[in-house]
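Novice: Last residue of the sequence shown: 987 (my numbering), numbering continuous.
Sharing a structure with you now.
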Amino acid sequence: MKAFTVHRGLVAPLDRVNVDTDQIIPKQFLKRIEKTGFGQFLFYDWRFGADGKSNPNFVLHDPRYEGATILLAGRTFGCGSSREHAVWAFGFRAVISSSFADIFANNSSKNGFLTVRLTEDEIAELMQRAHGIDEYRITVDLEKCEVRDDKDFRATFPIDDFVRHCLLNGLDDIGLTLQHESEIAAYESRHPAQDALRSS
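In structure tokens, the structure reads:
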């Protein structure tokens, strides 16, 4: 898993609340079992009409936000079903909101994707700047737990210490387990079942 330390990127403002996982990745695209290839379906029902044509009014189709790596959204982002595909579809490095569904936030951290919680007032300020300033970029600093820009905006965000440790070090569940690889190997070498398997 790619570590997250400090990231500076272009901001895309998705000025909507209660963005659920069925909007993030609609159910008809959940047939794949690998983690890749979902980006083309991100916000599909908002990005495209029933005829399959691109919706030019959707924020991610605005040339101003092409290449954005930070998504700014309204409250209660990632609500709805627990589908992990919603995180797999993201090409962003971080999403900033005033609140997240717990399962979405948990899935995000396990996939190296940072959810940043700021206050409603801070979100409103960032929304105004992202809409009004061309090429608006911010820095998300997980080492300092801080969001800042070069126009005097600065805010700290809370994050669980264990989640922060895993993200800073690029550790998913498998990575955490492999930190104990030598102890696991030593245990297995002593385990009686190992001899039974060899002789069967």
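Where a beta carbon is used, it is the ideal one built from N, C-alpha and C, also for glycine.
1) In angstroms with no decimal places, state the Cα-to-Cα distance between residue 899 and residue 908.
2) Which of the three DSSP states is assigned to residue 888 in this structure?
3) Rounded to whole angstroms, what's the CA-CA distance from residue 805 to residue 799? Just pull it up for me.
4) Is residue 863 near the ligand ZN, with its Cβ less than 6 Å from a heavy atom?
5) Find the nearest neighbour of residue 903 within the set 859, 819 and 977, judged by alpha-carbon distance.
6) List the residues that DSSP assigns as beta-bridge partners of residue 800.
7) Kindly indicate which three-state DSSP category residue 871 falls into: helix, strand or coil?
8) Examine the Cβ distances between the segment 875-882 and the segment 815-831 and report whether three or more of them are shorter than 8 Å.
9) How about residue 845 and residue 828: do their beta carbons lie closer than 7 Å?
10) Within its chain, find whatever has a CB closer than 8 Å to the CB of residue 951; leave out the 5 residues flanking it on each side and keep chain order.
11) Who pairs with residue 849 in a beta bridge, going by DSSP?
12) In angstroms, rounded to a whole number, what distance separates the CA positions of residue 832 and residue 809?
13) To the nearest angstrom, how far is it from the Cα of residue 891 to the Cα of residue 947?
14) How would you write the range of the alpha helix (DSSP H) that residue 989 sits in, first residue to last?
15) Can you check DSSP and say which residues form a bridge with residue 794?
16) Can you give me the Cβ contacts of residue 905 inside the same chain, cut-off strictly under 7 Å, excluding the 5 residues immediately before and after it?
17) Taking the alpha-carbon of residue 940 as reference, which of 978, 923, 956 and 953 has the nearest alpha-carbon?
18) What are the boundary residues of the alpha helix (DSSP H) that includes residue 808?
19) I'd like to check one pair, residue 881 with residue 857: are the Cβ atoms closer than 7 Å?
20) Give the straight-line distance between the Cα atoms of residue 888 and residue 840, rounded to the nearest whole angstrom.
Specialist: Walking through what the data contain:
1) 27 Å
2) coil
3) 17 Å
4) The ligand content of the structure shown is nil, which means the ligand ZN is not present either.
5) 859
6) 859
7) coil
8) yes
9) no
10) 929 and 932
11) Partner(s): none; residue 849 has no beta bridge.
12) 9 Å
13) 15 Å
14) The requested residue 989 does not occur in the structure, where the chain is confined to residues 788 to 987.
15) 927
16) 883, 885, 934, 942 and 944
17) 923
18) 808-811
19) yes
20) 31 Å
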